[in-house]
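Single-structure report; data block below.
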Amino acid sequence: MNEPLPPRLLVVDDDSDLRELIAGFLRDHHIDVETAADAESMDAALARQRYDCVILDLMMPGEDGLSVLRRMRGRDRTPVIMLSAMGEDVDRIVGLEVGADDYLSKPCNPRELLARVRALLRRTTRGDEVTSLQGGSGNTPRRRFGDWSLDLVERTLFRQGYPAAPLTDAEFRVMTAFLDRPQRVLSRDTLIELAKGSDADVFDRAIDVTISRLRKKLGPGDPIRTIRNEGYMLSLKPEEG
1 MNEPLPPRLL
11 VVDDDSDLRE
21 LIAGFLRDHH
31 IDVETAADAE
41 SMDAALARQR
51 YDCVILDLMM
61 PGEDGLSVLR
71 RMRGRDRTPV
81 IMLSAMGEDV
91 DRIVGLEVGA
101 DDYLSKPCNP
111 RELLARVRAL
121 LRRTTRGDEV
131 TSLQGGSGNT
141 PRRRFGDWSL
151 DLVERTLFRQ
161 GYPAAPLTDA
171 EFRVMTAFLD
181 RPQRVLSRDT
191 LIELAKGSDA
201 DVFDRAIDVT
211 ISRLRKKLGP
221 GDPIRTIRNE
231 GYMLSLKPEE
241 G
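At the far end of the sequence shown sits residue 241, using UniProt numbering, and the numbering has no gaps.
Here is the structure:
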């Protein structure tokens, strides 16, 4: 039996020492890694081949990471983990708004970065393998609500006639909070508390960003309602069993 190919990553950072440190650590853990020093060399790499994930520095000379990410999101959905030495909440929020799948402050622990990469690859690989409501193994627990189904193991949303939509950790926690409390108004503070996790920091404005991204993944007619000055509500009740 042929061994599965290792995931292929692209590390984009103008700091050559850090770039090679990250690349070397990931290679030691059986990941195929290429590197780029700036937006131009990143574009050339992306034109040559497809990557399973891009690790992208926010602050680079010339075109910065946010501008690069905006361009990327105009043409593909390659998973992106953004790195920033600034470490401010606003940078994290803007990165998520633009379309980053995850965000880490620099200097980051290489083991944490590896864990984030693996988690992101698991989510996106599973989502690619299943493209409809009937897809997947059929053995994993799901919560159904209206036209939608949430796979609780793969953390993926399904809807008949639409592509499968893998959720980030924050999106999954918010979605399950709604499903556990359907047709009830949940304030931002409540959602922040419910969505907290060991690997997901959720801030007040980031809740709005997370819900906005969740609505896009739910698609047209999404069942999340905004209750002015109060919070959000899931208008549908999940099926029993």
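In this text, a Cβ means the ideal position worked out from N, Cα and C, and glycines have one as well.
This structure is a prediction, so every number in the text was calculated from the model and none was measured.
Length of the line joining the Cα atoms of residue i and residue j
i, j, result
"Ser16", "Ala37", "7 Å"
"Arg48", "Phe172", "33 Å"
"Arg27", "Val33", "6 Å"
"Leu18", "Lys106", "10 Å"
"Asp201", "Arg111", "Note that Asp201 has pLDDT 48, beneath the 50 cutoff, so the model's placement of it is unreliable and no number is given."
"Met59", "Gly95", "12 Å"
"Pro61", "Asp14", "7 Å"
"Phe25", "Leu113", "10 Å"
"Ser212", "His30", "35 Å"
"Ile55", "Leu9", "7 Å"
"Asp76", "Lys217", "15 Å"
"Ala165", "Thr156", "5 Å"
Extent of the continuous beta strand (DSSP E) run through residue i
i, result
"residue 267", "The structure shown does not extend to residue 267, since the chain is modelled only from 1 to 241, so the question has no answer here."
"Leu104", "102-105"
"Val11", "8-12"
Same chain only: Cβ atoms within 6 Å of residue i, ignoring 5 sequence neighbours per side
i, result
"Val98", "Leu66, Leu69, Arg70"
"Met42", "Val12, Ala36"
"Leu152", "Pro141"
"Ser132", "The predicted model places Ser132 with a pLDDT of 34, which falls under 50 and marks its position as unreliable; any figure quoted below should be read in that light. Nothing meets the Cβ criterion."
"Ile22", "Val11"
Nearest-angstrom Cβ-Cβ length linking residue i and residue j, presumed shorter than 8 Å
i, j, result
"Pro223", "Phe145", "7 Å"
"Leu83", "Asp64", "Going by Cβ atoms, the distance from Leu83 to Asp64 rounds to 12 Å, so no, they are not a contact pair."
"Val174", "Leu150", "Not confirmed; about 11 Å, so no contact."
Bridge partners - residue i, DSSP secondary structure assignment
i, result
"Tyr232", "Leu186, Thr226"
"Thr156", "Asp151, Pro166"
"Phe145", "Trp148"
"Asp57", "Leu83"
Close beta carbons around residue i, own chain, < 7 Å, minus the five adjacent residues each side
i, result
"Pro238", "Arg143, Arg144, Phe145, Leu179, Pro182"
"Leu121", "Pro7, Asp52, Cys53"
"Asp101", "Pro79, Val80, Ile81, Leu120, Thr168"
Proximal residues to residue i (C-beta, below 8 Å), its chain only, five neighbours per side dropped
i, result
"Leu186", "Ala177, Phe178, Leu194, Gly231, Tyr232, Met233"
Host alpha helix (DSSP H) of residue i (start-end)
i, result
"Leu21", "16-28"
"Asp43", "39-48"
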